[in-house]
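Everything on this sheet refers to the single structure shown next.
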Amino acid sequence: MLYVVGTPIGNLQDMTFRAVEILQSVDLIAAEDTRHTGKLLQHFQIKTPQVSYHKHNHDQRLPELLNRLGQGNTIALVTDAGMPGISDPGYKLVKAVIEEGISVMPIPGATAGITALSAAGLPTDRFVFEGFLPTKGQSRKKRLDSLKGEPRTLILYEGPHRVLNTLRDLANCLGENRRIVLARELTKLHEEFWRGTIG
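Take 1119 as the starting number for the sequence shown in this note's numbering and just add one per residue.
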């Protein structure tokens, strides 16, 4: 069984009892960054061994994880923050596990996009999740062009050093009067929301 385990996006008190129980009981944890996850495990006094699993070692690590699951081992997949597979390569492991006929069970936790949306004051009945936009070139332009005229609420992730450029690009694409909410440091001491228009 592969467990897809949500971890806190900032505040450790958001870790669920069920997530702690699963991380304590599995044979192995596949973590995006074992150092980061190690701090989480130490906080909750979890001694389960870890291996790294991320976009740079997916091809090498996948056969090992599938082999262990095929032998009956239980594995928890975690990311540094939030739900694995949401804007990270965890979905590739989940897809491969499903193709092998092995069960996958989600253990829900916070996700930054949905957490921000819940407090944004924007329509939540229909929305589009875009994750991270490509950083440059034709792929970025093509993705932005595909959003032109999109009436639904858009959820995007962006690094702090690219926010201004992305706002300029979105203004060109969606118009300066489009309502926008920027959320940062969610669930942390210095959580902030900025609400207004793009322009």
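Just so you know, even glycine gets a beta-carbon here, dropped at the ideal spot from N, CA and C. For clarity, every value in this text was computed on a predicted model and none was experimentally measured.
Assignment of E1310 by DSSP, reduced to helix, strand and coil, places it in the strand class. In terms of Cα proximity to L1300, the closest of A1234, G1267 and E1248 is A1234. The beta carbon of L1159 lies closer than 8 Å to those of L1141, I1147, K1165, T1166 and Q1168 in the same chain, with the five residues before and after it left out. According to DSSP, G1249 shares a beta bridge with L1274. Counting only runs of at least 3 residues, the stretch 1184 to 1227 fully encloses the following beta strand (DSSP E) elements, listed from N- to C-terminal order: 1193 to 1196 and 1222 to 1225. Between E1182 and the set L1211, D1243 and N1290, the nearest pair of CA atoms involves L1211. For R1153, the enclosing alpha helix (DSSP H) begins and ends at T1152 to H1161. For I1298, the uninterrupted beta strand (DSSP E) run begins and ends at R1297 to R1302, by DSSP.
A residue is called buried when at least 16 other Cβ atoms come within 10 angstroms of its Cβ; M1201 meets this threshold and is buried. Residue pairing for V1122: DSSP places it in a beta bridge opposite L1195 and P1224. In the DSSP annotation of this structure, the continuous segment of the alpha helix (DSSP H) that includes V1138 starts and ends at F1135 to S1143.
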